[in-house]
Amino acid sequence: MSHPSIEDIRKNFTYDAETGILYAANRTRRTDLNGKPVGCQHGNGYLDVRLGKKLYYVHRICFAHYYGYWPEAVDHINGNRADNRICNLRDTNKQLNGLNRGMDCDNSTGYKGVSYRKDTNNYMWQFVVEGKKYTKSGFATALDAYKHKVAFINALNSAASEFLKP
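So in the working numbering, spot 157 of the sequence shown is number 169, and the numbers just go up one at a time.
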């Protein structure tokens with residue numbers, strides 16, 4: 013995906029890193045919108061904004077505006093997709109960002125990636141990183157399975173541990 017240049021972003025928007033609000037700037041039409049917050053919230057929780065004829069996620073524009081480069085992915089540390097304060101945004105890749113997802117709505121164990129196996133009467137964990145699936149079963153409790161999963165991820169990649177969300 014091509015991105016607008018950092019210069020174009022900084023020309024068309026101002027960004028308040030403390031509040032996370034992106035503002036319109038230097039508009040030639042609809043100049044009444046200059047200095048006004050931009051972004052439309054979608055059902056997925058993210059804000060987006062139009063630049064030229066394309067839509068971009070506001071959090072990605074904010075990150076690029078502040079740091080001066082486009083990351084592969086941007087993670088909302090606290091999980092709130094509308095919180096675009098710079099202290100809540102971090103550079104990541106798609107695999108690590110996936111570790112910070114919330115639980116599926118049908119999760120019954122209370123731990124992401126942990127499920128109960130009726131056939132063996134125990135708990136198991138699973139996750140995927142960089143296309144490789146990891147799985148382990150045989151745990152008496154969901155908490156035991158989750159603790160083992162966290163330890164495994166820490167051993168696998170210490171950078172991944174900061175992205176873990178229960």
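Cβ atoms here follow ideal geometry from the backbone N, Cα and C, with glycine treated the same way.
Does residue i pass the burial test, meaning 16 or more other C-beta atoms within 10 Å, or should it be called exposed?
i: residue 34; result: buried
i: residue 87; result: buried
i: residue 148; result: exposed
i: residue 104; result: buried
i: residue 161; result: buried
Just verifying my parser: in three-state terms, what is the DSSP assignment at residue i?
i: residue 140; result: strand
i: residue 178; result: Here residue 178 scores only 48 on pLDDT, less than 50, and its place in the model should not be relied on; the value that follows carries that caveat. Residue 178: coil per DSSP, three-state reduction.
i: residue 85; result: strand
i: residue 20; result: helix
Based on the DSSP secondary-structure assignment, which residues constitute the bridge partners of residue i?
i: residue 126; result: 137
i: residue 35; result: 26, 49
i: residue 69; result: 60
i: residue 75; result: Answer by DSSP bridge pairing: none, since residue 75 is not bridged.
i: residue 146; result: 139
i: residue 102; result: 87
Tell me whether the beta-carbon of residue i lies closer than 7 Å to the beta-carbon of residue j.
i: residue 96; j: residue 143; result: no
i: residue 128; j: residue 157; result: no
i: residue 18; j: residue 76; result: yes
i: residue 29; j: residue 68; result: no
Relative to the alpha-carbon of residue i, which residue among the options has its alpha-carbon at the smallest distance?
i: residue 45; options: 20, 124, 24, 131; result: 24
i: residue 133; options: 168, 139, 150; result: 150
i: residue 123; options: 131, 137, 130; result: 137
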